[in-house]
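This report refers to the structure that appears directly beneath it.
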Amino acid sequence: MPTSEVLSERLLPWFEDQGRGGDDLPWRQEGTTAWGVLVSEVMSQQTQVARVAPVWERWMRRWPTPADLAAAPTADVLREWDRMGYPRRALRLQECARIVAEKYDGSVPSDPAELERLPGIGVYTAAAVAVFHYGARHPVVDTNVRRVVARLGGAADAGTATTKADLAATEALLPDGAEAAARVSVALMELGALVCTARKPECGVCPVAAECGFAGQEIPPGPSRKRQRYTGTNRHVRGEVMKLLRDADGPVPRERIDAVWPDSRMLDEAISQLISDGLVGTDESGQFELPSA
Ligand code: SF4
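Reminder that position 169 of the sequence shown reads as 1417 in my numbering, one-by-one numbering, no gaps.
Printed below as a string of structure tokens:
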């Protein structure tokens, strides 16, 4: 495992050379509020940043503060979420906005532990807001960082969830200054995304190979992590129903929903899940619509 000094020396020049630190992303521009950063991180949790960027820009123009989002009709929030997938995140973001507006007077907390108590905010998102907006010195650990740090320490991979040990191991690799520490965190993410990938680490071109406990070793065969299929899945059916309701001018009768998917059993299951998740409601005549709250 390298010292924090050696890691910075090797990693940061490589990172600068990559020239893709995401600095052109709209939420990285000067003047972005803590709320804007939080929204960008929630949207990016399970959606590629290229798809997030235009939605984020529309969203922040329409609801620039937590109070604006808190007061918005939930149906509008789900329409603006558009096709980013996993729309329960939009509901949790609105719950989060209500808490920030009411309990924190509209100011996003800066303490990672307090951020983690907000709906939809996990360890990574809390740390990202604290570090990238508030300038805290704190480990920002996503899947890529976890894997790189585990390999620097000699393991083939990290576990599936971030543990206290992962946070401590990453923290030990950060330089003392908060700004440099944030840069190292982003560089570690980039190294994991581009070089130290899950199945094929390219140790031959890795800037930290000389300090790495796993350099040059084979990844042991494990259960192959197939790309998650979407077509034909329950998630696909749910997505089609949500699209129909987002695009509709008013409540939709069951016959129109039946037309979006041929398998009625899958459709029934998807509709009852959407209702129990709070993503779909029914009006007094039993027609379907986005939630009216
Ligand atoms: Fe990953 Fe190989 Fe670099 Fe180690 S040397 S961090 S295993 S790419």
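Virtual Cβ for every residue (Gly too), placed ideally from N, Cα, C.
Nonlocal neighbours in the same chain, by C-beta distance under 8 Å from residue i, ignoring five residues either side
i: Arg1327; result: Arg1494 and Leu1538
i: Pro1261; result: Pro1455
Any non-hydrogen atom of the ligand SF4 closer than 7 Å to residue i Cβ
i: Leu1493; result: no
i: Leu1442; result: no
i: Ala1463; result: yes
i: Pro1261; result: no
i: Arg1447; result: no
i: Leu1286; result: no
i: Leu1436; result: no
i: Cys1344; result: no
i: Leu1421; result: no
Contact set for residue i: own chain, Cβ-Cβ below 6 Å, skip 5 residues either direction
i: Gly1284; result: Trp1275 and Met1308
i: Gly1498; result: none
i: Ala1463; result: Cys1451 and Ala1457
i: Ala1315; result: Ala1349 and Gly1354
i: Pro1387; result: Leu1415, Thr1418 and Glu1419
i: Val1371; result: Thr1410
i: Arg1504; result: none
i: Arg1258; result: Pro1455 and Val1456
Through-space distance from residue j to residue i, alpha-carbon basis
i: Val1485; j: Leu1515; result: 7 Å
i: Gln1277; j: Phe1380; result: 11 Å
i: Ala1282; j: Pro1360; result: 13 Å
i: Leu1522; j: Lys1351; result: 29 Å
i: Cys1344; j: Arg1483; result: 24 Å
i: Gly1542; j: Val1453; result: Any property of residue 1542 remains undetermined from this structure, which presents the chain solely from 1249 to 1541.
i: Thr1313; j: Lys1448; result: 42 Å
i: Ala1376; j: Leu1273; result: 15 Å
i: Glu1427; j: Thr1418; result: 15 Å
i: Ala1298; j: Gln1266; result: 18 Å
i: Pro1250; j: Leu1436; result: 13 Å
i: Pro1321; j: Trp1311; result: 11 Å
i: Arg1340; j: Leu1527; result: 11 Å
i: Pro1423; j: Val1303; result: 35 Å
i: Thr1391; j: Lys1491; result: 30 Å
i: Asp1459; j: Leu1400; result: Here residue 1459 turns out to be Glu, not Asp, going by the sequence shown. Cα to Cα, the separation comes out at about 7 Å.
i: Thr1280; j: Glu1305; result: 11 Å
i: Gly1534; j: Arg1365; result: 36 Å
i: Leu1507; j: Val1500; result: It should be pointed out that residue 1507 corresponds to Ala in this sequence rather than to Leu. Rounded to whole angstroms, Ala1507 to Val1500 spans 12 Å at the Cα level.
Same chain, Cβ closer than 7 Å to residue i, five either side skipped, listed in chain order
i: Trp1509; result: Val1485, Glu1488 and Leu1515
i: Ala1518; result: Asn1482, Val1485, Arg1486 and Val1489
Report task. Evaluate the contact criterion for the region 1331-1340 versus the region 1280-1297: three or more CB pairs, one atom per stretch, below 8 Å. Result -> yes
Query raised in the report: Can you give, in chain order, each stretch of the alpha helix (DSSP H) that sits fully within the region 1368-1427 and has at least 4 residues?
Result: 1371-1376, 1391-1400 and 1412-1419
Requested in this report: Say whether the region 1405-1412 touches the region 1422-1432, bearing in mind that this needs 3 or more beta-carbon pairs closer than 8 Å, one atom from each stretch.
Outcome: no
**Report entry** Those runs of the alpha helix (DSSP H) which lie wholly inside the region 1450-1502 and span at least 4 residues
**Finding:** 1482-1495
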